[in-house]
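Chemist: What follows is a structure written as structure tokens; I'll ask about it next.
In our numbering, the protein residues as written are 1 to 317.
Shown next as structure tokens:
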């Protein structure tokens, strides 16, 4: 729950974040102060200051940002060409100094390169004319149908696997395969029914290397941009989630005994680390006769309010 305070001209100057409702615990306070071309933003939690940011503007363009936080400080300086960002010099404690260079043409931003001294990386590149994200996702889906079984074949599972979780984070194309035996899942379920589905509690895991798939960097970039303005969604969450559910649904038809020793009721399913999407994912990747008969996980408490795990925005942290 948020409480937002505004100044006389309608600009937000204070934001309070509470658990549950306004009578809940105050978790965070953020204050914004504007003084001409200088904007200060201070963020606090119950233990005190978390960070202080100071932004300086010239002619309506941000020229610098000074950043101080509990774990360090830094500074960023912004350069423009025809009022379009062209360069960002970045210095932060414990990080190598880096420079972002933005290239533009008459259509807008073309490319962003980061130079870190000994190496450089493309941080953004405009998709080529005719690029189709859905088609590129289908190409990756087809590639994963071979890549995942090939990777799983090298997993040292202590007995027939009862499940294979496609574990993902905000970057759904950074996938870890996690497997558990029926006995391992039973032990976990005895402690917490939800743990039987949680790849973080499984003993065996291996990363899937997608680097040889030609379009993966561009697809990662476009998925991250899809939900960039949605604070309630992980970057690329829906399109990426659906991609992995489609992969899992097809892998559940795979002849697994030729790849990996498995139980008769072996299932493949995608899952995020916090299990927020677990219920939806199981519904999307398993036929009705293979889904759990009843919800196999309890309600969870999120910021003082009780929800069942689902994909709705109000369960996300």
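Using N, Cα and C, we set each Cβ at its ideal position, and we do this for glycine too. The model shown is predicted, which means the values in this text are computed figures rather than measured ones.
#1: So is residue 110 buried or exposed if we call it buried at 16+ other beta carbons inside 10 Å?
#2: When DSSP labels each residue in this structure, what does residue 109 get in the three-state scheme?
#3: Are the beta-carbon atoms of residue 133 and residue 222 separated by less than 8 Å?
#4: Roughly how many angstroms separate the alpha carbons of residue 302 and residue 81, rounded to a whole number?
#5: If we call anything under 8 Å between Cβ atoms a contact, is residue 115 one with residue 101?
#6: For residue 287, count neighbouring C-beta atoms within 10 Å of its own C-beta (all shown protein chains included) and say buried if the count is 16 or more, exposed if not.
#7: I'd like the span of the beta strand (DSSP E) that includes residue 86, first residue to last.
#8: Drop a sphere of 10 angstroms on the beta-carbon of residue 49, count the other beta-carbons inside from all chains shown, and report buried for 16 or more, exposed for fewer.
#9: From residue 7 to residue 13, what does the alpha carbon distance come to, in whole angstroms?
#10: Within a Cβ cutoff of 7 Å, which residues of the same chain sit near residue 254, ignoring the five residues on either side of it in sequence?
#11: The beta strand (DSSP E) spanning residue 212 covers which residue range?
#12: Residues in its own chain within less than 8 Å of residue 140 by CB, not counting five upstream and five downstream?
#13: Just tell me which of 151, 170, 186, 190 has its CA closest to the CA of residue 178.
#14: Please give me, in chain order, every unbroken run of the beta strand (DSSP E) with length at least 3 that falls completely inside the segment 162 to 202.
#15: Given a cut-off of 8 Å, decide if residue 90 and residue 83 are closer than it, judged by their beta-carbon atoms.
#16: Starting from residue 252 and walking both ways along the alpha helix (DSSP H), at which residues does that stretch end?
#17: May I ask you to report which of helix, strand or coil DSSP gives residue 318?
#18: Identify the continuous beta strand (DSSP E) that holds residue 274 and give its terminal residues.
#19: Which residue marks the beginning of the alpha helix (DSSP H) containing residue 224, and which one marks its end?
#20: Are residue 271 and residue 165 closer than 8 Å when you measure CB to CB?
#21: With DSSP as the reference, identify every bridge partner of residue 17, one or two as the case may be.
#22: By DSSP's criteria, residue 33 is part of a beta bridge. Which residues make up the other side?
#23: Closest by CA to residue 250, which one among 24, 16, 87, 146?
#24: Taking the beta strand (DSSP E) that residue 65 falls in, what are its first and last residues?
#25: Using C-beta distances below 7 Å, list every residue in its chain close to residue 72, excluding the 5 sequence neighbours before and after it, in chain order.
#26: In terms of alpha-carbon separation, which member of 194, 203, 126 lies closest to residue 158?
#27: Helix, strand or coil for residue 49, going by three-state DSSP, please let me know.
#28: For residue 75, report the span of its beta strand (DSSP E) as first-last.
#29: State the Cα-Cα distance for the pair residue 5 and residue 76, rounded to the nearest angstrom.
#30: Could you pull out every residue in the same chain whose Cβ sits closer than 7 Å to the Cβ of residue 142, ignoring the five residues on either side in sequence?
#31: Do residue 3 and residue 27 have their beta-carbon atoms positioned less than 8 Å apart in this structure?
#32: Sorted by chain position, which residues of the same chain lie with C-beta nearer than 8 Å to residue 10's C-beta, five sequence neighbours on each side aside?
Modeler: Let me lay it out:
#1: Exposed, since its Cβ has fewer than 16 Cβ neighbours within 10 Å.
#2: strand
#3: yes
#4: In this prediction, residue 302 has a pLDDT of 36, which is less than 50 and means its spatial position is unreliable; what the coordinates show is noted afterwards. Approximately 46 Å, taken between the alpha carbons.
#5: yes
#6: exposed
#7: 84 to 92
#8: exposed
#9: When the Cα atoms are used, residue 7 and residue 13 turn out to be separated by approximately 6 Å.
#10: Cβ-Cβ distances below 7 Å link residue 254 to 149 in the same chain, with the five nearest sequence neighbours on each side left out; the list follows chain order.
#11: Taken as a continuous stretch (DSSP letters only), residue 212 belongs to no beta strand (DSSP E), as it is neither H nor E.
#12: 173, 210, 213, 215, 216, 219, 243
#13: 151
#14: Whole beta strand (DSSP E) segments, 3+ residues: 176 to 181.
#15: no
#16: Careful: residue 252 lies outside any alpha helix (DSSP H) and carries neither H nor E.
#17: With the chain running from 1 to 317 in the structure shown, residue 318 is simply not present.
#18: Where residue 274 is concerned, there is no enclosing beta strand (DSSP E), given that its DSSP letter is neither H nor E.
#19: 216 to 226
#20: yes
#21: 2, 28
#22: 40
#23: When C-alpha distances from residue 250 are compared across 24, 16, 87, 146, the shortest belongs to 146.
#24: Going by DSSP, residue 65 is part of the beta strand (DSSP E) stretching over 61 to 69.
#25: 92, 93, 94
#26: The shortest C-alpha separation from residue 158 is found at 203.
#27: strand
#28: Looking at the DSSP string, the run of the beta strand (DSSP E) that includes residue 75 is 72 to 81.
#29: 29 Å
#30: Within the same chain, residue 142 has no close Cβ partners at all.
#31: In this structure, residue 3 does not lie closer than 8 Å to residue 27 by Cβ.
#32: none
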